[in-house]
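*Asks:*
There are 2 protein chains.
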Amino acid sequence: MSAQDRPNPSPWGSLKDRANIQKRKREAVLETAVRHFNARGFVATSMDDVAAELNVTKPTIYHYFRNKDEVLFACVRRGLEALSEAAVEASRERGPGLWRLAQVMRRYGMIMTQDFGRIITRTGDFELSDESRATFRALKREIDLTMRSLVQEGIDDGSIKGTDARMITFTITGALNWIGRWYDPDGAVPARDVVDGVVATLLAGLEA
Amino acid sequence: MSAQDRPNPSPWGSLKDRANIQKRKREAVLETAVRHFNARGFVATSMDDVAAELNVTKPTIYHYFRNKDEVLFACVRRGLEALSEAAVEASRERGPGLWRLAQVMRRYGMIMTQDFGRIITRTGDFELSDESRATFRALKREIDLTMRSLVQEGIDDGSIKGTDARMITFTITGALNWIGRWYDPDGAVPARDVVDGVVATLLAGLEA
Chain A
1 MSAQDRPNPS PWGSLKDRAN IQKRKREAVL ETAVRHFNAR GFVATSMDDV AAELNVTKPT
61 IYHYFRNKDE VLFACVRRGL EALSEAAVEA SRERGPGLWR LAQVMRRYGM IMTQDFGRII
121 TRTGDFELSD ESRATFRALK REIDLTMRSL VQEGIDDGSI KGTDARMITF TITGALNWIG
181 RWYDPDGAVP ARDVVDGVVA TLLAGLEA
Chain B
1 MSAQDRPNPS PWGSLKDRAN IQKRKREAVL ETAVRHFNAR GFVATSMDDV AAELNVTKPT
61 IYHYFRNKDE VLFACVRRGL EALSEAAVEA SRERGPGLWR LAQVMRRYGM IMTQDFGRII
121 TRTGDFELSD ESRATFRALK REIDLTMRSL VQEGIDDGSI KGTDARMITF TITGALNWIG
181 RWYDPDGAVP ARDVVDGVVA TLLAGLEA
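As they're listed, the protein sequences go chains A and B.
Terminal number for the first sequence in the UniProt record's numbering: 208, no gaps in between.
Terminal number for the second sequence in the UniProt record's numbering: 208, no gaps in between.
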């Protein structure tokens with residue numbers, strides 16, 4: 001075994017390990033914070049409580065984020081990125097527009113039943129800083145446009161009925177976004193059934 | 001002309017006039033406040049600005065409402081009452097369930113493009129006091145139940161396709177509520193066209 005092959009003996013670990021640990025710690029902050037935000041709202045959430053749950057103190061959290069607003073926006077952003085990924089993936093698949101749109105709707109709906117999806121709907125426009133709000137709107141618009149072009153493709157290939165892709169998209173995303181407001185993760189109906197129910201109602205109106 | 005028929009000569013006006021004036025002043029506070037809440041959010045709205053717009057000072061406003069929370073909830077309540085009225089009216093009409101549901105959806109949608117409707121969607125659960133939140137949820141639930149029984153009647157009379165009235169209702173109200181979030185009263189598309197577009201997309205999926 002040459003010197004280069006031996007595991008790094010530094011008690012600080014390798015640079016790569018340390019970067020990974022930093023990333024995991026940042027993740028843990030977001031995962032804990034988002035539950036608090038969803039359960040009691042942004043204003044009533046105390047970063048002291050979030051820190052205590054992670055066995056650290058508030059200054060440790062502020063090593064990763066500048067302030068509470070930045071934590072909130074990082075949570076919202078995580079949710080938007082998941083939605084965006086769902087939309088972009090389906091737009092790359094092959095098949096009739098309606099079929100691909102149905103894929104996005106199911107993934108989008110499921111995200112809205114989970115913590116990082118719920119926080120998107122539960123965060124008011126005015127709870128974000130001006131800068132975050134601008135980024136939020138740009139990301140949201142991107143997702144809407146990806147979905148709208150899927151709807152348009154479905155109208156063009158004859159799989160979706162209707163003519164106004166913009167209004168159809170707003171109707172779909174509205175119904176799906178609202179899941180994040182009324183769906184109760186502790187309730188009796190499983191997330192999958194909720195999403196299937198909403199998506200089926202929407203699809204019934206789109207099938208040509 | 002007998003004494004009783006003569007107009008009341010008191011410079012304070014009659015008791016009835018005074019009650020009417022009080023009511024109109026309370027209304028004016030709500031109509032001004034709701035525009036401020038919708039434009040910049042609850043936290044950033046200053047009751048000093050609302051008062052200034054009405055040519056009075058803040059203490060005058062607090063003659064009608066105990067605090068800013070009470071003003072917000074009065075605005076939300078006004079919107080909910082309008083929705084409730086729309087739902088109850090249509091449930092009393094005669095005709096197939098789908099037709100009556102379509103009437104509610106159009107009225108509900110139009111309310112969501114107006115100030116007192118927009119504030120419902122724009123107000124987060126946690127922006128209300130515990131007491132107001134409980135009332136809010138009770139009113140919201142009542143509206144949902146009225147709509148759900150309309151949907152159920154439509155399923156029973158064969159005018160609405162589908163089986164799960166609860167999920168259909170959540171899909172409809174979700175898409176309609178979301179109008180309050182994305183609709184721009186200063187935008188190019190008239191409210192009526194927005195509502196017709198969303199309602200048509202939803203109805204297409206409900207027609208048996």
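C-beta atoms are modelled at their ideal positions from N, C-alpha and C, and glycine is treated no differently.
1. Given this structure, state the Cα-to-Cα distance separating Asp144/B from Gly13/A, to the nearest angstrom.
2. Name the chain B residues whose beta carbon is nearer than 7 Å to that of Gly124/A?
3. Would you report the Cα separation of Asp17/B and Ala51/B, rounded to the nearest angstrom?
4. What residues match up with Ile160/A in a beta bridge as DSSP calls it?
5. Looking at Val194/A: is its Cβ nearer than 8 Å to the Cβ of Thr113/A?
6. CB Arg122/A to CB Gly180/A, shorter than 8 Å?
7. Name the chain B residues that come within less than 9 Å of Gly174/A, Cβ to Cβ?
8. Verify whether the separation of the beta carbon atoms of Thr173/B and Met147/B is less than 8 Å.
9. Using beta carbons (cut-off 8 Å, strictly below), is Gly95/A in contact with chain B?
10. So for Val43/B, helix, strand or coil by DSSP?
11. Of all the CB atoms in chain A, is at least one closer than 8 Å to the CB of Phe170/B?
12. Buried or exposed, going by whether 16 or more other CB atoms sit within 10 Å of the CB of Gly197/A?
13. Can you name the residues of chain A whose CB is closer than 9 Å to the CB of Gly158/B?
14. Please compile the residues from chain A whose C-beta is within a distance smaller than 9 Å of the C-beta of Met167/B.
15. Just reading off the alpha helix (DSSP H) that Pro59/B is part of, what are its end residues?
16. Please work out which residues of its chain come closer than 6 Å, Cβ to Cβ, to Ala90/B, disregarding the five sequence neighbours upstream and downstream, and give them in chain order.
17. Just to confirm, is the Cβ distance from Gly154/B to Gly117/B under 8 Å?
18. Please identify the residue among Ser10/A, Asn38/A, Val199/A whose C-alpha is closest to the C-alpha of Cys75/A.
19. Sorted by chain position, which residues of the same chain lie with C-beta nearer than 7 Å to Asp49/A's C-beta, five sequence neighbours on each side aside?
20. Cβ of Gly162/A less than 8 Å from any chain B Cβ?
21. At least one CB of chain B closer than 8 Å to the CB of Gly205/A: is that the case?
22. Tell me the rounded alpha-carbon separation between Leu176/B and Tyr64/A.
23. Leu83/B and Glu127/B: beta carbons closer than 8 Å?
24. What residues in the UniProt domain "HTH tetR-type" (23-83) of chain A have a beta carbon less than 8 Å from any beta carbon of chain B?
25. Nearest to Arg26/A by CA position, among Thr60/A, Pro185/A, Pro9/A, is which residue?
26. By the 10 Å Cβ neighbour count, where 16 or more other Cβ atoms means buried, how is Ser159/A classified, buried or exposed?
27. With a threshold of 16 other CB atoms inside 10 Å of the CB of Leu15/A, please say whether the residue is buried or exposed.
28. Taking Cβ positions, are Gly109/B and Val199/B nearer each other than 8 Å?
29. Determine, using beta carbons only, whether Ala208/A and Lys161/A come nearer to each other than 8 Å.
30. For a test of the three-state rule: what should DSSP assign to Asn55/B, helix, strand or coil?
*Replies:* Reading from the atomic positions:
1. 57 Å
2. Gly41, Arg122, Gly124
3. 23 Å
4. Note: Ile160/A sits in a beta bridge opposite Glu207/A.
5. yes
6. yes
7. Gly174, Ala175, Leu176, Asn177, Trp178, Ile179, Arg181, Trp182, Val198
8. yes
9. no
10. Val43/B falls in the coil class under three-state DSSP.
11. yes
12. buried
13. The contacting residues do not exist; Gly158/B stays about 15 Å from chain A at best.
14. Val189, Asp193, Val194, Asp196, Gly197, Val198, Ala200, Thr201
15. 58-61
16. Arg100, Gln103, Val104
17. no
18. Asn38/A
19. His36
20. Output row for Gly162/A: interface = yes.
21. yes
22. 39 Å
23. no
24. Arg40, Gly41, Phe42, Val43, Ala44
25. Thr60/A
26. buried
27. exposed
28. yes
29. yes
30. It is coil, neither helix nor strand.
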